[in-house]
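All residue numbers for the sequence shown refer to the numbering used here, where the first residue is 2 and numbers rise by one.
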Amino acid sequence: MRRREFIAALGCALAWPVSGHAQKSSDLPRVGVLMGAAEDDMGRARMAAFIRGLDSAGWRPDGTVRLHVRWGGGVQQELDKAAGEIVAESPNVILANSARAVAAINRVNRQIPVVFVATADPVGQGLVTELARPGGNLTGFSLYEFSIVTKMLDLLKAVAPKTERVLFVANRNTPSFPGWVRELSAATARMSLALDATGVGDSANDMESKIDALAAISHAAVVAPPDVFISTNRARLIAATARNRVSAIYGYSAAAREGGLMSYGSDIIELFNRASVYVDRILKGEQPSSLPVQHPTKFELAINLKAAKALGLDVPTSVLLSADEVIE
């Protein structure tokens with residue numbers, strides 16, 4: 002989605018305050034939005050889906066609700082600053098995207114209702130007490146179960162059957178990292194594959210160095226799960242795997258469209274649209290403690306045939322038939 006399309010979908014919400022309506026802008030309900038990643042095409046598409054959902058429920062940024070949108074860019078310091086700015090606006094409800102964004106909000110707020118979206122293992126992270134009745138001021142939509150990395154590995158091995166070693170590229174500082182490693186360790190052991198699960202830090206240079214080192218290793222591949230760090234730095238990751246002729250599977254379909262070999266993950270656009278329903282219900286008086294945490298219901302497999310050809314890979318017909326999107 003191009004920026005002009007996003008702004009149109011936003012309904013000029015970024016041009017606060019709203020004027021020319023019977024109701025004063027200061028009297029409108031307020032929704033804070035903290036996006037964990039950078040403001041790029043992927044992030045704008047997610048925001049547009051959320052805004053479409055709000056619009057369907059009658060909440061329009063041009064007159065019935067105010068939006069306070071901040072972007073963290075995958076940097077914790079920026080997330081903490083943005084969280085403070087959002088809470089200072091005293092919104093009626095906050096939408097928080099990513100585990101780190103939720104953590105940033107939690108450090109400055111325990112009263113304002115929060116709807117998280119695309120956040121993994123909310124019970125394990127201590128965000129909610131249970132999925133059916135979250136308790137407290139948080140509820141929302143989880144991104145996946147940790148077993149998704151096993152599915153990603155199975156698909157990667159089907160397309161690159163000679164794979165012998167797997168590099169797990171994820172930010173070791175994210176709350177989800179131990180769960181991913183646990184699942185992937187079991188899967189690689191079952192498949193007799195070597196695994197490097199040390200992860201990467203907050204530096205994209207660290208990520209690139211690890212992938213460059215794979216150039217000297219035969220039959221190595223990369224698993225890059227859905228993660229704000231990966232989302233923010235996916236262009237550099239895709240370029241590094243292509244440069245070193247390394248097969249890789251990503252957790253975001255955008256990565257396959259942008260030149261990556263393949264992707265498998267939940268439909269995050271759908272999750273943002275569904276999140277608007279919870280925001281609507283909270284604005285109308287419901288409490289987050291009574292709204293159950295929901296899992297994704299739709300997953301997408303995308304294959305980039307041009308990238309496969311560049312790597313000398315023949316994608317099996319069975320994988321192509323099961324793909325939601327094949328990029329020529």
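C-beta atoms are modelled at their ideal positions from N, C-alpha and C, and glycine is treated no differently.
By the CB criterion at 7 Å, GLU329 and LEU292 fall outside the cutoff. Taking the C-beta atoms as reference points, MET263 is found nearer than 7 Å to ALA257. In the structure shown, GLN112 falls within a coil segment according to DSSP collapsed to helix, strand and coil. Between the segment 163–171 and the segment 132–146 there are fewer than three inter-stretch CB-CB distances shorter than 8 Å, so the stretches are not counted as touching. For TYR251, the three-state secondary structure derived from DSSP is strand.
Inside the segment 208–266, DSSP marks whole alpha helix (DSSP H) runs of 4 or more residues at positions 229–233, 235–244 and 254–258, from first to last along the chain. In terms of Cα proximity to LEU29, the closest of PHE51, GLU40, ARG61 and MET36 is ARG61. Scanning GLN112, ASN98 and VAL66 for the CA closest to the CA of VAL88 turns up GLN112.
Per the DSSP secondary-structure output, ALA303 pairs in a beta bridge with SER264 and GLU326. Secondary structure remark: continuous alpha helix (DSSP H) runs of at least 4 residues inside the segment 33–101, in chain order: 42–57 and 77–89. In the three-state reduction of the DSSP assignment, ASN107 falls in the helix class. DSSP lists VAL201 as the bridge partner or partners of ASN172. One alpha carbon belongs to GLY59, the other to VAL94, and they sit about 16 Å apart.
By the C-beta criterion, the segment 176–194 is judged not to be in contact with the segment 306–317, since fewer than 3 inter-stretch pairs fall below 8 Å. Secondary structure note for PHE142: its beta strand (DSSP E) is the uninterrupted segment 139–143. For ARG275, the secondary structure class from DSSP, reduced to helix, strand or coil, is helix. For PRO179, the enclosing alpha helix (DSSP H) has its first and last residue at 178–191. In the DSSP annotation of this structure, the continuous segment of the alpha helix (DSSP H) that includes ALA159 starts and ends at 149–160. With respect to the 7 Å criterion, ALA97 and LEU35 are classified as neighbours on the basis of their beta carbons.
In its chain, beyond the 5 residues on either side, ALA121, ASP122, SER177, GLY180, TRP181, ARG183 and GLU184 have a beta carbon closer than 8 Å to the beta carbon of PHE147. As the crow flies, the alpha-carbon of HIS69 is around 6 Å from that of VAL32.
Spatial neighbours of ASP281 in its own chain (CB-CB distance under 6 Å, excluding positions within 5 residues in sequence) are listed in chain order as ALA58.
CA-CA distance, VAL124 to TYR279, rounds to 19 Å.
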